[in-house]
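Each remark here refers to the structure printed beneath this line.
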Amino acid sequence: MLEIENLSVSYNSDKKIIKALGPVSMKISQGEIYSVIGPSGCGKSTLLQVLSGVTVGYEGSVLLNGEKLNPKKHSIGFIPQNFGLLPWYNARKNCLLSLKIKGIQIDGALEERIHYIAERLNISSLWDRFPDELSGGQKQRVSIARSFILNPDLLLMDEPFSALDALTREEAQELFMDMWDEYRTTTVFVTHNIEEAVFMGKKIVIMSHCPGKVVEVIDNPLFNTENLRQNEEYLVFSSHIRSIIKKGWKI
Ligand SMILES: Nc1ncnc2c1ncn2[C@@H]1O[C@H](COP(=O)(O)OP(=O)(O)O)[C@@H](O)[C@H]1O
Ligand SMILES: [Mg+2]
Numbered sequence: 029m030l031e032i033e034n035l036s037v038s039y040n041s042d043k044k045i046i047k048a049l050g051p052v053s054m055k056i057s058q059g060e061i062y063s064v065i066g067p068s069g070c071g072k073s074t075l076l077q078v079l080s081g082v083t084v085g086y087e088g089s090v091l092l093n094g095e096k097l098n099p100k101k102h103s104i105g106f107i108p109q110n111f112g113l114l115p116w117y118n119a120r121k122n123c124l125l126s127l128k129i130k131g132i133q134i135d136g137a138l139e140e141r142i143h144y145i146a147e148r149l150n151i152s153s154l155w156d157r158f159p160d161e162l163s164g165g166q167k168q169r170v171s172i173a174r175s176f177i178l179n180p181d182l183l184l185m186d187e188p189f190s191a192l193d194a195l196t197r198e199e200a201q202e203l204f205m206d207m208w209d210e211y212r213t214t215t216v217f218v219t220h221n222i223e224e225a226v227f228m229g230k231k232i233v234i235m236s237h238c239p240g241k242v243v244e245v246i247d248n249p250l251f252n253t254e255n256l257r258q259n260e261e262y263l264v265f266s267s268h269i270r271s272i273i274k275k276g277w278k279i
């Protein structure tokens, strides 16, 4: 369980204090996937930077499975918008980097898991390629593989599909959801795209403009539904979400 309580973040820049987020409170149960949607600049990336342990100067508390969030103790996966692959490592080395950093030895069982995930994401034939020899969709599949190989306590995704063209994006979303369904990693998925938030989030957290607060958390009856846009309920549901986002402008 991820428990965020009264989390606020401010940036100190040029002697000005910029309040970027909060206060925000939310709870995400073990094995759930929530999408967080909000306007550009509302603090979504800032939230993920706190959850990944990059930003430590925050107010409030963040507990993961009952303990203060600590990237040295907890294993945290991160799929950023630009895929986050190191250009001087090939695809396989990129996938295994987090294991190496954590000092995890690759035994037979882990090697089997790596092989299985690479096959599922159709990247086994790309193992020797470097990131600049991969297409956007292939880089994204490597990035997804890396996260599931790590098997993290918490997976963070920051608009991970926004750099992909529409068809590749749909394919990557569906592939990710298949993998998530199998491994049930606790996931926070950040986006500014309503359709993506509906496809990817069992619950949808709607944030206000900067400094972002939670306007509403809604249950999502259309979670992981194929061909969302053609679904009659989707039209009504997405305009409901849009109206809550607009409400957030007045907070
Ligand atoms: N390093 C920084 N220094 C100062 N202000 C920042 C910094 N990073 C982000 N901000 C500000 O904090 C707010 C939230 O930014 P961000 O978390 O990137 O939003 P989002 O990801 O929702 O677009 C914005 O107003 C942004 O300008
Ligand atoms: Mg952002």
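Heads up, the sequence shown is in our numbering, so the first residue is 29 and it goes up one at a time.
Where is the CB? At the ideal position from N, CA and C, for every residue including glycine.
What you are looking at is a predicted structure, and each value in this text was computed from that prediction instead of being measured.
query: Could you check which residue in 54, 62 and 107 has the C-alpha nearest to that of residue 77?; result: 107
query: Would you kindly check if the distance between the Cβ of residue 178 and the Cβ of residue 105 is under 7 Å?; result: yes
query: Could you give the uninterrupted runs of the alpha helix (DSSP H) lying entirely in the stretch 136-213, keeping only those of 4 residues or more?; result: 136-148, 164-178 and 194-211
query: Within the present structure, is the beta-carbon of residue 72 separated from the nearest heavy atom of ligand 2 by less than 6 Å?; result: yes
query: What is the residue span of the beta strand (DSSP E) that residue 39 lies within?; result: 30-41
query: Taking 7 Å as the cut-off, decide whether the C-beta atoms of residue 235 and residue 69 are in contact.; result: no
query: Helix, strand or coil for residue 84 per DSSP?; result: coil
query: To the nearest angstrom, report how far apart residue 253 and residue 53 are at their CA atoms.; result: 28 Å
query: Verify whether the separation of the beta carbon atoms of residue 256 and residue 202 is less than 7 Å.; result: no
query: Answer with buried or exposed for residue 95, where buried requires no fewer than 16 other C-beta atoms within 10 angstroms of its C-beta.; result: exposed
query: Considering only the alpha carbon of each residue, which of 109, 133, 158 and 82 lies closest to residue 119?; result: 158
query: Heavy atom of ligand 1 less than 6 Å from the Cβ of residue 225, yes or no?; result: no
query: What whole-angstrom Cβ distance do residue 81 and residue 239 have, given they're in contact under 8 Å?; result: With a Cβ gap of about 21 Å, residue 81 and residue 239 do not count as contacting.
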